[in-house]
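S.K.: Those protein sequence lines, which keep their order, are chains A and B.
Following the numbering used here, the numbering of the first sequence begins with 9 at its first residue and continues without gaps.
Following the numbering used here, the numbering of the second sequence begins with 9 at its first residue and continues without gaps.
Before I ask anything, let me first share the structure, which is written out below as structure tokens.
There are 2 protein chains.
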Amino acid sequence: MKSREIHLTAYPKGQPTADTFKLAEAEIPAPGEGEVLVVNKWLSVDPYMRGRMSGVRTYIDPFALGAPMDGGAVGQVEASNHPDFAKGDWVMSMHGWREAYVANGKGLQKLDTTHIAPEDYLGIAGLTGMTAYVGLKRIIDLKADESVWISAGAGAVGSAAIQFSKAMGAQVVATAGGSDKVDYCLSIGADAAVDYKAAENLAKAVKEANGGGVNGYFENVGGTHWTAALEVLKQYGRIAACGMIQRYNDAGAQPLPDNLTNIVAKSLKIQGFIVSDHFDMMPDFISDLGQWMAAGKVTSRNTVKQGIENMPAAFLGLFTGENTGKMLVKL
Amino acid sequence: MKSREIHLTAYPKGQPTADTFKLAEAEIPAPGEGEVLVVNKWLSVDPYMRGRMSGVRTYIDPFALGAPMDGGAVGQVEASNHPDFAKGDWVMSMHGWREAYVANGKGLQKLDTTHIAPEDYLGIAGLTGMTAYVGLKRIIDLKADESVWISAGAGAVGSAAIQFSKAMGAQVVATAGGSDKVDYCLSIGADAAVDYKAAENLAKAVKEANGGGVNGYFENVGGTHWTAALEVLKQYGRIAACGMIQRYNDAGAQPLPDNLTNIVAKSLKIQGFIVSDHFDMMPDFISDLGQWMAAGKVTSRNTVKQGIENMPAAFLGLFTGENTGKMLVKL
Chain A
9 MKSREIHLTA YPKGQPTADT FKLAEAEIPA PGEGEVLVVN KWLSVDPYMR
59 GRMSGVRTYI DPFALGAPMD GGAVGQVEAS NHPDFAKGDW VMSMHGWREA
109 YVANGKGLQK LDTTHIAPED YLGIAGLTGM TAYVGLKRII DLKADESVWI
159 SAGAGAVGSA AIQFSKAMGA QVVATAGGSD KVDYCLSIGA DAAVDYKAAE
209 NLAKAVKEAN GGGVNGYFEN VGGTHWTAAL EVLKQYGRIA ACGMIQRYND
259 AGAQPLPDNL TNIVAKSLKI QGFIVSDHFD MMPDFISDLG QWMAAGKVTS
309 RNTVKQGIEN MPAAFLGLFT GENTGKMLVK L
Chain B
9 MKSREIHLTA YPKGQPTADT FKLAEAEIPA PGEGEVLVVN KWLSVDPYMR
59 GRMSGVRTYI DPFALGAPMD GGAVGQVEAS NHPDFAKGDW VMSMHGWREA
109 YVANGKGLQK LDTTHIAPED YLGIAGLTGM TAYVGLKRII DLKADESVWI
159 SAGAGAVGSA AIQFSKAMGA QVVATAGGSD KVDYCLSIGA DAAVDYKAAE
209 NLAKAVKEAN GGGVNGYFEN VGGTHWTAAL EVLKQYGRIA ACGMIQRYND
259 AGAQPLPDNL TNIVAKSLKI QGFIVSDHFD MMPDFISDLG QWMAAGKVTS
309 RNTVKQGIEN MPAAFLGLFT GENTGKMLVK L
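Right, dumping it as structure tokens:
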């Protein structure tokens, strides 16, 4: 069968454009012995993918040029010669950015869709939610009587983090860009929310909204948000840093004011992390999330674009703030 | 008896000058019931004192104006009406910046000077050494097969940290300002040392001297050292931040290049700390230090100025790099 797929044409400096990507078509063979043919139904776009477009190894290899990119994908088995998979099974894989693929079963995760929608495995019940969970539970070690600032609160990780923090009993102040996103943060439970684009002094605005300062900061943005966080955090504050989207496209990032002595004066702890180093927490995550969802404390929300040809637009939209919750492409 | 003492005249902006301080004289009464009269023999000057001259509460109250300042001091009991202290006893207190004082015994620590010189309790066997120990053992959690970068390697904390790191079996690269200090770092055991004032690209120079990159960074400097450290640290690197002397006098600190995404990309951990939060490690510290000193792995070195009138000069000398090892004033 034919499958359309997206290739990377070059490693962009700064902001990628539509020309960075090319829609191509491949012929997918019938599955051989021990193989399955999967038709993707949902594809994920994530900020970390920008790092893989740099041609430089960070914590993950760069994308190859002129070949389909990878990423999270949820699909259904169309044909199977593998004993563990049957036609109709829902599976999650890293074979994204394409409509269909043949695989030998390794790296395919069969999904239980009884209580969780298939696409949510790419979002709140997948790495996105797990990232929020690890950051709050292990890195910030958030306590019920504490307060936390969630940046990019209307984004995929951020909106999960707002809901999880509230489910854990903490006070939450969120930041986001624009009044619609601020409203969204409030609608999913944030006690206060600040439009960082409208704030003259971000640190002051967050402190005022929050009533004093925070014990934890969930860093998704970097740059000027980081600088503000060093001001807003209280003594013994903790920063969980899982991304700094403000700077990913910034070949020559702006210099920052140096307020690093806050780290010493307030005994702050800052930790960068990648969710895959913390997969030991997966059973706790699934257990807590199941309870929170059953109790109505956590719900999912996705921003959906249609069709493989819109993958580049969906990806680029992450950097202009088009998504509320998890950005997905439906095929 | 008469005692000369140093007062703070005003809260300086930027670099304090000789005018920031005033030599005054006080009359010390005879000790009353339950009190002791102590004559100080050694006084400590430390970078953290700059923070107390800002008039702003950080982790410690600011100095009062027009009163003797406080700080570490070692002296001998001259007269005692307290059952726990006898004339001739060596005691450590926070009643520094003065020649003599009367106290009720609280906050006085009697010193065992059998194996350790009295003045070393203000340096390698005191908070200075303990700070190095906590930073390496608990914050960086340095392993024997790892490598560590010690900044301000010829300073009090830095020179202790170099020796302790080597005693713990790690590889050490030190940075310091000027060839004399570099030589000193090497003489106390650093495997490599870099003159940061002569380095065009500090990160590159440290990487080359060290042969690749480090697992830990002991932050005493801040500013451009911090920026370089984010480059030099390897995956899962740790920063122990106990001071940032480059910025203490810098009312308008220079902006820094933003390379914070290293924190995420390399899963770095950064922790600011103050030694007093880690006094539970004191028994381990004294035990390890005793063994290291007995084995000749660790020695003390102090820079000594004479007389109470030279306390301001000794303090200001910390910021121009006059000291090698711990800066002390002998009375």
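Positions of the beta carbon are idealized from the N, C-alpha and C atoms, including for glycine.
In this text, all values refer to a predicted model and were calculated from it rather than measured experimentally.
Note the first and the last residue of the continuous beta strand (DSSP E) segment covering residue 155 of chain B.
M.R.: Its beta strand (DSSP E) spans residues 155-158.
S.K.: Taking 9 Å as the threshold (beta carbon to beta carbon), is residue 251 of chain B in contact with chain A?
M.R.: Yes, residue 251 of chain B lies at the interface with chain A (some Cβ there is under 9 Å from its Cβ).
S.K.: Return the chain-ordered list of same chain residues with a C-beta closer than 6 Å to the C-beta of residue 192 of chain B, the five sequence neighbours on each side being excluded.
M.R.: So the list reads 162, 332, once near-sequence residues are dropped.
S.K.: Which residues bound the beta strand (DSSP E) around residue 85 of chain B?
M.R.: Unbroken beta strand (DSSP E) run through residue 85 of chain B: 81-88.
S.K.: Applying a beta-carbon distance threshold of less than 7 Å, which residues of chain B neighbour residue 279 of chain A?
M.R.: Correct list: 277.
S.K.: Within a Cβ cutoff of 7 Å, which residues of the same chain sit near residue 64 of chain B, ignoring the five residues on either side of it in sequence?
M.R.: Same-chain partners within the cutoff: 70.
S.K.: Does the region 292-312 of chain A touch the region 34-44 of chain A, meaning 3 or more C-beta pairs lie closer than 8 Å?
M.R.: Flag = no, the region 34-44 of chain A and the region 292-312 of chain A do not touch.
S.K.: Against residue 272 of chain B, what residues of chain A qualify as contacts under a CB-to-CB distance less than 7 Å, listed in chain order?
M.R.: By Cβ distance, chain A contributes 249, 250, 251, 252, 280.
S.K.: Evaluate contact between the region 13-26 of chain B and the region 132-152 of chain A, counting only Cβ atoms and requiring at least three cross-stretch pairs below 8 Å.
M.R.: With a cut-off of 8 Å, the region 132-152 of chain A and the region 13-26 of chain B do not count as touching, because too few Cβ pairs lie within range.
S.K.: According to the Cβ coordinates, are residue 176 of chain B and residue 150 of chain B closer than 9 Å?
M.R.: Yes, the Cβ-Cβ distance between residue 176 of chain B and residue 150 of chain B is below 9 Å.
S.K.: Indicate whether at least one CB of chain B lies closer than 9 Å to the CB of residue 341 of chain A.
M.R.: This structure leaves residue 341 of chain A out entirely; chain A is present only between 9 and 339.
S.K.: For residue 262 of chain A, go through chain B and note every residue whose CB falls closer than 7 Å to its CB, in chain order.
M.R.: Ordered by position in chain B, the residues that pass the 7 Å Cβ test against residue 262 of chain A are 266.
S.K.: Using a Cβ cut-off of 9 Å (strictly closer), state whether residue 163 of chain B contacts chain A.
M.R.: No, residue 163 of chain B does not count as interfacial toward chain A.
S.K.: Using the Cβ count rule (16 or more neighbours within 10 Å means buried), how would you classify residue 265 of chain A?
M.R.: Exposed.
S.K.: Applying the criterion that 16 or more other CB atoms from any shown protein chain within 10 Å of the CB defines a buried residue, is residue 114 of chain A buried or exposed?
M.R.: So residue 114 of chain A counts as exposed.
S.K.: Quick one: does residue 269 of chain A have its CB under 9 Å from some CB of chain B?
M.R.: Yes, contact with chain B.
S.K.: Which runs of the beta strand (DSSP E) at least 3 residues long sit entirely within the region 25-70 of chain A? Give them in chain order.
M.R.: You should have 29-35, 44-52.
S.K.: What did DSSP end up calling residue 275 of chain A once you bin it into helix, strand or coil?
M.R.: Reduced to three states, the DSSP call for residue 275 of chain A is coil.
S.K.: Going by alpha carbons, who is nearest to residue 317 of chain A out of A:96, A:337, A:328, A:234?
M.R.: Selected option, being the one with the closest Cα: A:337.
S.K.: Just to confirm my understanding: we take residue 130 of chain A, look at its own chain, exclude 5 residues before and 5 after, and list those with CB closer than 7 Å. What are they?
M.R.: Within the same chain, residue 130 of chain A has close Cβ partners 50, 52, 80, 82, 334, 336.
S.K.: If the cut is a Cβ gap below 9 Å, which residues of chain A does residue 285 of chain B touch?
M.R.: Residues of chain A passing the Cβ test: 244, 275.
S.K.: How close, in whole Å, do the beta carbons of residue 46 of chain A and residue 133 of chain A come, if the pair is a contact with beta carbons under 8 Å?
M.R.: At roughly 19 Å, the Cβ-Cβ gap does not stay under 8 Å, so residue 46 of chain A and residue 133 of chain A are not in contact.
S.K.: Distance check for residue 313 of chain A and residue 43 of chain A, CA to CA, integer angstroms please.
M.R.: Spanning the two alpha carbons is a distance of roughly 30 Å.
S.K.: Would a C-beta distance cut-off of 9 Å place residue 180 of chain A and residue 189 of chain A closer than the cut-off?
M.R.: Against a cut-off of 9 Å, the Cβ pair of residue 189 of chain A and residue 180 of chain A comes out as no contact.
S.K.: So with CB distances below 8 Å, who are the chain A contacts of residue 231 of chain B?
M.R.: What residue 231 of chain B touches in chain A: 266, 268.
S.K.: So residue 296 of chain A is in the beta strand (DSSP E); what residue range does that whole segment cover?
M.R.: Unbroken run through residue 296 of chain A is the alpha helix (DSSP H), 290-302; no beta strand (DSSP E).
S.K.: Between which two residues does the beta strand (DSSP E) carrying residue 203 of chain B extend?
M.R.: Segment 200-203, the beta strand (DSSP E) holding residue 203 of chain B.
S.K.: Between which two residues does the beta strand (DSSP E) containing residue 172 of chain A stretch?
M.R.: Not the beta strand (DSSP E): residue 172 of chain A falls in the alpha helix (DSSP H), residues 164-175.
S.K.: Is the distance from the Cβ of residue 166 of chain A to the Cβ of residue 159 of chain A below 9 Å?
M.R.: Yes. Within cutoff.
S.K.: With a threshold of 16 other CB atoms inside 10 Å of the CB of residue 21 of chain B, please say whether the residue is buried or exposed.
M.R.: Residue 21 of chain B comes out exposed.
S.K.: Which residue from B:284, B:241, B:48, B:263 puts its Cα closest to that of residue 272 of chain B?
M.R.: Among B:284, B:241, B:48, B:263, the Cα nearest to that of residue 272 of chain B is on B:241.
S.K.: Find the nearest neighbour of residue 184 of chain A within the set A:178, A:157, A:172, judged by alpha-carbon distance.
M.R.: Nearest option by C-alpha distance: A:157.
S.K.: What residue range does the alpha helix (DSSP H) around residue 190 of chain A cover?
M.R.: 187-195 is the extent of the alpha helix (DSSP H) around residue 190 of chain A.
S.K.: Rounded to whole angstroms, what's the CA-CA distance from residue 23 of chain B to residue 200 of chain B? Just pull it up for me.
M.R.: Their backbone Cα atoms lie some 32 Å apart in a straight line.
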